[in-house]
Amino acid sequence: MQDKQVALVTGANKGIGLEIARQLAQDHGLTVLVGSRSLEHGEEAAKNIGAGAHALQLDVTDGTSIKAAAERIRTAFGRLDVLVNNAGISHAGRPGRKFENLGDVNSLTTAPLDDVRAVFETNVFGVIAVTQAMLPLLHEAPAGRIVNLGSSGGSLTLNSNPSNPHRAMFGNYSVSKSASHAVMLAFAIALESTNIKVNAACPGFTKTALNNFNGTRTLEEGAREPVRLALIGPDGPTGTFSDEDGPVAW
Ligand code: NAP
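In numbering that gives the first Met the number 0, the protein residues as written are 0 to 249.
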C-alpha cells in the first residue's frame, strides 16, 4: 500500500481537472490518478505532470470502466484518500455545436431530451456512480475527502433573482449543476457520521474547452478552491458550496 495520500481526479486529462491533478501532485506531494476516458490522453497528461501522476482509464458514464478503475486503485495503489468529481460537459457535443450557439439545445423549453439526458448522465449520474464505486476505498482512508465541481451558474438563489443578467443561460447545463449540488449535499449528509467530508467548489468562469475558451479566469485560479477543499483537515467543513471568496448561494 502507498504511504502517500492517493487522489483521483475525474476528467483530468485537460482543463481544470488537469490543473487540480498537477497542483495535488507537484505542490502537495500526493499520488494522483489522472482519470481520463481516453487512456492515451490520460497517459500524456500524467507524463506532463511528472512524478506521482498515473493515468487511469475512467469514463464516468460507463459502469464497466468505473468498476475496473476502482479495482485497479485497490490492487495497484491500495488506498484512496481524495476523490475530485471534476468531469463535466456543457452540452451533448453534437458535431459543429459550439458553446456560444447553444441557445435552443440549452433552454429546457426546446432542448432535445437526448441532449438533456447526455448532460445529466455525465454531470449528475456520473458523479453518483463514481462516488458510490469509490466509497469503500474512501471509508478505509483515515480522512476521506470528496470534492464536486459545482457552478454558481447552477445557483437557484442567484438565478431566481430577476436582476441577475446571467440568468438567461440557466438551462440544461446549469440545471445539471444545480442537481449536482444537491447530490453533493445528499452524500455529505449520509456520510456525516464518518471521516469523509464532501463539499462542492465553484472554480469561477475559467478559460477551458467547456466554454470554448471564453472564460476569464486562468486554470490556476479555477483549481484553487477545489484543491483547498481536497486538502481540508479534520476541522474543515462538510456539505458546503464555495468559491475562492467564500460560500456561494445554493
Ligand atoms: P473541460 O476543459 O472541457 O474538461 C472537461 C473534462 O471532463 C475533460 O477531461 C473531459 O474529457 C472530461 N469528461 C467529459 N465527459 C467525461 C466522461 N464521460 N468521463 C470522463 N471524463 C469526461 O472543462 P472544465 O472547464 O475544465 O470543466 C471541469 C469541471 O468544472 C466541470 O465539471 C465543469 O462543469 C466545472 N466548471 C467549469 C467552469 C468553467 O468556467 N470552465 C465553471 C464552473 C464549473 P475529454 O477530454 O475526453 O472530453
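Even glycine gets a Cβ: it sits at the ideal position worked out from N, Cα and C.
Original post:
Is K66 closer than 8 Å to A132 when the C-beta atoms are compared?
Top reply: yes
Subject >> Per-residue burial, I188 [other beta carbons within 10 Å of its own, 16 or more giving buried] >> reply: exposed
Subject >> Three-way DSSP call (helix, strand, coil) for F169 in this model >> reply: coil
Original post:
What is the rounded straight-line gap between the Cα of S162 and the Cα of P236?
Top reply: 31 Å
Original post:
Could you give the distance in angstroms between the alpha-carbon of G232 and the alpha-carbon of T108?
Top reply: 44 Å
**OP:** Answer yes or no: the CB of S37 versus the heavy atoms of ligand 1, is any distance below 7 Å?
**Re:** yes
Original post:
How many angstroms separate the CA atom of V83 from the CA atom of I145?
Top reply: 6 Å
Original post:
So L23 and V226 are in contact, right, with Cβ under 8 Å, and what is the actual spacing, rounded?
Top reply: 6 Å
**OP:** Would you kindly check if the distance between the Cβ of K13 and the Cβ of A229 is under 8 Å?
**Re:** no
Subject >> DSSP beta-bridge partners of G245 >> reply: D242
Subject >> Proximity test, K13 beta-carbon vs ligand 1 heavy atom, cut-off 7 Å >> reply: yes
Original post:
Cβ-heavy atom distance between K176 and ligand 3 below 7 Å?
Top reply: For ligand 3, the structure offers nothing, since it holds only ligand 1.
Original post:
Is T108 helix, strand or coil by DSSP?
Top reply: coil
Subject >> Whole runs of the beta strand (DSSP E) within the stretch 42 to 94, excluding any shorter than 3 residues >> reply: 52 to 56, 81 to 84
Subject >> With 16 other Cβ atoms within 10 Å as the buried cut-off, status of G224 >> reply: The amino acid occupying residue 224 in the given sequence is Glu; Gly does not appear at that position. Looking at its Cβ environment, which holds 16 or more other Cβ atoms inside 10 Å, E224 is buried.
Original post:
Under a three-way DSSP split, which group does N198 fall into?
Top reply: strand
Original post:
Hey, is the stretch 52 to 72 in contact with the stretch 28 to 38, meaning 3+ C-beta pairs nearer than 8 Å?
Top reply: yes
Subject >> CA-to-CA distance, G238 to S151, given in whole angstroms >> reply: 16 Å
Subject >> Selected residue, minimal CA-CA separation from S241, among L17, V8, V197, D234 >> reply: V197
Subject >> Neighbour-count burial assignment, K176, 16 or more Cβ in a 10 Å radius >> reply: buried
Original post:
G170: beta carbon under 7 Å from a heavy atom of ligand 1?
Top reply: no
**OP:** Pull up the distance between the alpha-carbon of V59 and that of L134, whole angstroms please.
**Re:** 15 Å
**OP:** Might you give, ordered along the chain, the residues of its own chain that have their beta carbon closer than 7 Å to the beta carbon of R73, omitting 5 neighbours on each side?
**Re:** L136
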